[in-house]
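Student: Next up is a structure, given as structure tokens.
There are 2 protein chains.
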Amino acid sequence: MQNPTGTPGDAEYSDVAWLLEELFRLSRRISPTSAYSLTVYSALASLSRHGDARLTELAAYEGVSQPTMTQAVGRLKRDGLVQQIPDPRDGRAVLISITEAGRAALAERRSTRGERVAGLLAQLDPADQQAIVAATGPLRKLAEAVPDRRTGAQGNQPTTPLKWERQ
Amino acid sequence: MQNPTGTPGDAEYSDVAWLLEELFRLSRRISPTSAYSLTVYSALASLSRHGDARLTELAAYEGVSQPTMTQAVGRLKRDGLVQQIPDPRDGRAVLISITEAGRAALAERRSTRGERVAGLLAQLDPADQQAIVAATGPLRKLAEAVPDRRTGAQGNQPTTPLKWERQ
DNA sequence: GGATATACATAGGACTTTGATATAAATGTC
DNA sequence: GACATTTATATCAAAGTCCTATGTATATCC
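Residue numbers (this note's numbering), protein chains in the order written: chain A, 4 to 170; chain B, 4 to 170.
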């Protein structure tokens, strides 16, 4: 199950990539049908977790283009889940800020998802449950290790470091 | 880190649901930009893994509506990644079958994703790597435990059991 | 001040997704 | 066998998602 070096081998590595496909399917199947895509909720969750952010920063963090995030934020704003605040330090920029309604929507969704995941976990052996719980920290580190996808119109690379990324 | 019962508690359970959000973001960030959505690739991967399937079956498995899958398959067919074969046992049904070109496209994509995941994993401590590898099996079980989302036009529940689901 | 870079918005187009509905084939009832 | 019902898929309209290319305003650099 483990090669002589003590670290996982290539087979296990591609297993992890493949696992992500299945977890994507799982993620959608446990998500309540809603008005927003997984991406839009992901952006909202990021705002909740990391605080206000610039539009471009949020787009890079979520791995979508800046125009896509402009539209997503437009819908969230229309529905009152976020606000746009002009950045006092930079007249070009706007800060996106989650509202109370946004936090409530997020809590509602998380509650549903959390219950469903708990129901699924309860069906597994205790050993499997513990293996999953033991891996949540490492998997989160894995997710944080992925570099930004600087997307959007070609040469639009900002020089200011994104505050959300690992420093 | 573990309560007296030996099984994870509620806090750990909601951690898992939340982890899925981050892994979704990871999944998109490591995916090569392509013509198809994550869903379309997921459907193609399912065909590769489980064999031919009916349209409705595939839609339920992926958690999307039947019209969505009809369109997705239409594009995949247009691009030669799948074929549609009339079901010899049922004149109403069609079987979706992945083609060699479909398998090739899948392999290409998996290769890219696999390399990127490997690169990320290599940045973690060996202990974290091993925790992740140890959890792949349990997480796959978790993904398989999720019930179908029987979607599509309201009362369209098939009576025939879906052969892909855990019997 | 003028050139360049950056932040965001807008425009246009292809893809995604859904609910409602249509069509055709299978199944059950009499 | 005719009929109603169910099921599998297709079609349609509408809203959402996402991209590239481009425009506009502000910031920064010389």
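Virtual Cβ for every residue (Gly too), placed ideally from N, Cα, C. No experiment lies behind these values; they were computed from the predicted model shown.
Using a Cβ-Cβ cut-off of 9 angstroms, state whether T139(B) counts as contacting chain A.
Tutor: Closer than 9 angstroms: yes.
Student: Less than 9 angstroms between the C-beta atoms of A138(A) and A134(B), yes or no?
Tutor: Cβ atoms of A138(A) and A134(B): closer than 9 angstroms.
Student: Are the beta-carbon atoms belonging to E65(B) and R106(A) less than 9 angstroms from one another?
Tutor: Not a contact, by the Cβ cut-off of 9 angstroms.
Student: Mind checking if Q69(B) is an interface residue toward chain A, Cβ cutoff 9 angstroms exclusive?
Tutor: Closer than 9 angstroms: no.
Student: Comparing C-alpha positions only, which one of A125(A), A148(A), D93(A) and G122(A) sits nearest to L127(B)?
Tutor: Of A125(A), A148(A), D93(A) and G122(A), the residue nearest in Cα terms is A148(A).
Student: What's the C-alpha gap between T73(B) and Q86(A)?
Tutor: Approximately 38 angstroms between the Cα atoms of the pair.
Student: Closer than 7 angstroms, Cβ to any Cβ of chain B: which residues of the stretch 42-54 of chain A, in chain order?
Tutor: Listed in sequence order: S45 and A48.
Student: Taking buried to mean at least 16 other C-beta atoms within 10 Å of its own C-beta, is G117(B) buried or exposed?
Tutor: Label assigned to G117(B): buried.
Student: At what residues does the alpha helix (DSSP H) containing S49(B) begin and finish?
Tutor: From DSSP, the alpha helix (DSSP H) with S49(B) extends over L41 to H53.
Student: List the whole-angstrom C-beta distance separating P35(A) from R95(A), where the pair is believed to meet the contact cut-off of C-beta under 8 angstroms.
Tutor: Not quite, the Cβ-Cβ distance comes to about 37 angstroms (not below 8 angstroms), so this is no contact.
Student: Can you give the beta carbon distance from A75(B) to T115(B), rounded, assuming they're within the 8 angstroms contact cut?
Tutor: Not really, about 21 angstroms apart at Cβ, beyond 8 angstroms.
Student: Taking only the alpha-carbon atoms, compute the straight-line gap between A46(B) and T102(B) and give it to the nearest angstrom.
Tutor: Taking the straight line joining both Cα atoms gives about 13 angstroms.
Student: Nearest chain A C-beta to S37(B) closer than 9 angstroms, yes or no?
Tutor: Cβ-Cβ to chain A under 9 angstroms: no for S37(B).
Student: Is there a C-beta anywhere in chain A that falls below 9 angstroms from the one on L29(B)?
Tutor: Output row for L29(B): interface = yes.
Student: Check the Cβ of Q126(A) against every Cβ in chain B and list those closer than 7 angstroms, keeping chain order.
Tutor: Those within 7 angstroms of Q126(A) in chain B are A148.
Student: Does the beta carbon of V136(A) sit closer than 9 angstroms to a beta carbon anywhere in chain B?
Tutor: Closer than 9 angstroms to some Cβ of chain B, the Cβ of V136(A) qualifies, so yes.
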